[in-house]
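Taken in sequence, the protein lines are chains A and B.
Numbering of the first sequence is given in our numbering, commencing with residue 1 and proceeding in unit increments.
Numbering of the second sequence is given in our numbering, commencing with residue 225 and proceeding in unit increments.
Before any comments, here is the structure.
Protein chains: 2
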Amino acid sequence: MSQDDQIYSQMFSALLEQRLTPGTKLSEDVLGEIFGVSRTVVRKVLQRLAHEKVVCILPNRGAFVAEPTPEEARDVLEARRVVEAGIMRNVVKHCSQTDIRRLEAMLKEEEASIEKGEHSTWVSLSGDFHMALAAISGNKSLEDFLRELVSRTSLIHVQYQSKKIGTQNCSCEEHADIIDAIRDADEGRAVSLMLSHLDAIEETLNLDGDKPESDLYAIFGGSK
Amino acid sequence: MSQDDQIYSQMFSALLEQRLTPGTKLSEDVLGEIFGVSRTVVRKVLQRLAHEKVVCILPNRGAFVAEPTPEEARDVLEARRVVEAGIMRNVVKHCSQTDIRRLEAMLKEEEASIEKGEHSTWVSLSGDFHMALAAISGNKSLEDFLRELVSRTSLIHVQYQSKKIGTQNCSCEEHADIIDAIRDADEGRAVSLMLSHLDAIEETLNLDGDKPESDLYAIFGGSK
DNA sequence: ATCGATAACATTGTATACAAACATTACAAA
DNA sequence: TTTGTAATGTTTGTATACAATGTTATCGAT
Chain A
1 MSQDDQIYSQ MFSALLEQRL TPGTKLSEDV LGEIFGVSRT VVRKVLQRLA
51 HEKVVCILPN RGAFVAEPTP EEARDVLEAR RVVEAGIMRN VVKHCSQTDI
101 RRLEAMLKEE EASIEKGEHS TWVSLSGDFH MALAAISGNK SLEDFLRELV
151 SRTSLIHVQY QSKKIGTQNC SCEEHADIID AIRDADEGRA VSLMLSHLDA
201 IEETLNLDGD KPESDLYAIF GGSK
Chain B
225 MSQDDQIYSQ MFSALLEQRL TPGTKLSEDV LGEIFGVSRT VVRKVLQRLA
275 HEKVVCILPN RGAFVAEPTP EEARDVLEAR RVVEAGIMRN VVKHCSQTDI
325 RRLEAMLKEE EASIEKGEHS TWVSLSGDFH MALAAISGNK SLEDFLRELV
375 SRTSLIHVQY QSKKIGTQNC SCEEHADIID AIRDADEGRA VSLMLSHLDA
425 IEETLNLDGD KPESDLYAIF GGSK
């Protein structure tokens with residue numbers, strides 16, 4: 001694994017685990033210092049993250065952790081509905097016993113993280129569950145695209161997290177239901193469960209309320 | 225528009241118009257010479273194209289125009305079915321009269337290019353038609369993803385073009401039928417027409433026949 | 001005190017230099 | 001003729017230097 005990939009992985013994980021939060025400035029010098037490399041390789045990583053839309057590069061201004069707008073958030077969730085419905089149809093066809101056991105194991109991990117109240121771990125594990133389904137579906141293009149959408153969803157969660165935490169517990173049950181549908185090879189049910197799961201995620205967010213700061217920031221989009 | 229973007233556009237166009245063909249070596253020095261810039265900016269462009277999977281970067285070996293495998297080709301076409309079905313559902317909902325007129329104009333251009341026998345122009349225009357639909361659908365994420373898939377489809381066309389050219393003429397009619405369905409706001413028909421259109425494209429390719437060279441090359445995948 | 005202009009500073013954009021990896025060629029041995 | 005090895009040359013990977021741009025601070029005018 002090359003130098004770039006290692007740094008990329010570390011930054012990507014930090015993003016998924018919500019240790020890097022939207023709006024954070026990603027200075028080339030500072031990152032180079034931290035990882036012990038020159039700006040050249042940092043830039044390469046930042047450009048990759050920018051292409052995946054989890055980082056935003058403003059010309060001559062620098063790189064920042066992306067701050068998805070409500071519109072982008074809706075786009076991402078809708079794209080996920082489209083893509084993951086397609087994925088589910090393939091999963092039901094291709095899923096082996098081994099795959100199902102793996103999914104069940106992942107579900108257990110999720111439950112454990114919720115028990116312990118480790119929210120950011122759960123967001124990360126929840127993403128892994130969806131990515132596992134994509135891997136089972138066997139379409140590399142859709143899998144890669146979903147990776148982008150899932151990581152962006154993680155940022156969206158940070159920005160538009162609903163105050164009421166109670167609603168999140170269901171997500172785990174929803175994953176369990178999806179596994180059941182797959183086990184029964186019930187394509188229609190699997191797809192519709194996935195769709196309502198994604199709907200539920202979107203409803204958890206408060207996308208139209210309460211701009212986080214004063215109107216001017218929301219309108220002209222300065223980075224915090 | 226920055227320097228990178230200009231060079232990117234030129235290379236991307238060359239790719240879509242099939243002037244850059246799969247397997248072509250993209251030397252940093254040569255490209256830098258051609259565009260009058262240093263390797264730094266060339267590398268940036270190559271990395272972007274690599275992320276869009278139309279260019280393949282082999283570590284310490286350099287960049288090449290991607291040579292999609294039959295498996296990748298099938299993945300891309302399947303991903304397109306999933307994504308463009310979703311897009312069509314939105315298009316039927318959002319499409320304005322102006323949009324339809326624009327689609328009709330594009331269709332006329334396509335017909336003209338087929339008349340003149342300008343095959344590569346038609347491939348490019350055909351891609352534009354699909355991208356126009358994506359734009360109308362109003363989902364930026366799906367639109368960006370489809371751009372990737374369409375450009376990869378262009379490379380796939382080059383590599384797996386069927387010998388019989390006769391079958392290609394229908395594509396234009398298929399686009400016409402799709403416009404009709406949109407005009408009638410017939411969601412079901414629009415979606416199924418798009419799906420069979422993409423099936424038809426896939427059937428045009430010969431994905432399982434005739435390895436281009438002897439077995440050793442096919443098995444170990446040297447670039448020509 | 002606020003606003004505007006200017007200067008000092010910091011950060012990114014690009015080019016280039018050097019190091020490392022790879023490919024090719026030439027040549028010797030089997 | 002083919003295979004293995006060494007030397008050469010080419011290409012990419014990384015660091016760094018300089019230029020261009022953006023940001024911030026200072027200072028004077030209103």
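Ideal placement from N, C-alpha and C gives every residue a C-beta, glycine not left out.
The beta carbon of K268 (chain B) falls within 8 Å of a beta carbon belonging to chain A, placing the residue at that interface. Across the region 54-77 of chain A, CB contacts with chain B closer than 9 Å involve P59, E71, E72, R74, D75, V76, in sequence order along the chain. Residue-level contact by beta carbon fails for S375 (chain B) and chain A, as no gap is shorter than 8 Å.
In its chain, beyond the 5 residues on either side, L239, L244, T245, P246, G247, T248, L250, V278, V279, C280, L379 have a beta carbon closer than 8 Å to the beta carbon of V289 (chain B). For K317 (chain B), no Cβ of chain A is located within less than 8 Å of the residue's own Cβ. Around the beta carbon of H94 (chain A), fewer than 16 other beta carbons lie within 10 angstroms, which makes this residue exposed. Around the beta carbon of G188 (chain A), a 10 Å sphere encloses fewer than 16 other beta carbons of the protein chains shown; the residue is thus reported as exposed. Under the Cβ criterion of 8 Å, K140 (chain A) is counted among the residues facing chain B. A residue is called buried once 16 or more other Cβ atoms fall within 10 Å of its Cβ, and V30 (chain A), having fewer, is exposed.
Annotation: the continuous beta strand (DSSP E) that includes G286 (chain B) extends over 286-289. V54 (chain A): not part of any alpha helix (DSSP H); DSSP gives it neither H nor E. Non-local beta-carbon contacts of R407 (chain B) in its own chain, meaning distances under 7 Å to residues more than five positions away in sequence, involve I324 in chain order. Using a Cβ distance threshold of 8 Å, H354 (chain B) and E296 (chain B) do not count as a contacting pair. By the beta-carbon neighbour count (other beta carbons within 10 angstroms, threshold 16), M1 (chain A) is exposed. S38 (chain A) is outside the set of residues whose beta carbon lies under 8 Å from a beta carbon in chain B. Contact of Q47 (chain A) with chain B by beta-carbon distance below 8 Å involves K268, Q271, R272.
Of all residues in the region 124-136 of chain A, none comes within less than 9 Å of chain B when Cβ atoms are compared. Within the same chain, and ignoring the five residues on either side of L422 (chain B) in sequence, the residues whose Cβ sits closer than 7 Å to its Cβ are L301, R304, R305, E308. Remark: C-beta atoms of E173 (chain A) and L193 (chain A) do not approach each other more closely than 8 Å. Straight across, the Cα-Cα distance linking T204 (chain A) with G138 (chain A) is about 30 Å. In the DSSP assignment, K25 (chain A) forms a beta bridge with A:F64. Counting along the chain, M330 (chain B) sits inside the alpha helix (DSSP H) bounded by residues 321-339.
Distance between D432 (chain B) and V374 (chain B), taken at the CA atoms: about 21 Å. Where Q3 (chain A) is concerned, the enclosing alpha helix (DSSP H) starts and stops at 3-16. In this chain, the alpha helix (DSSP H) harbouring A356 (chain B) covers 343-361. H381 (chain B) and V261 (chain B) have their alpha carbons spaced roughly 31 Å apart.
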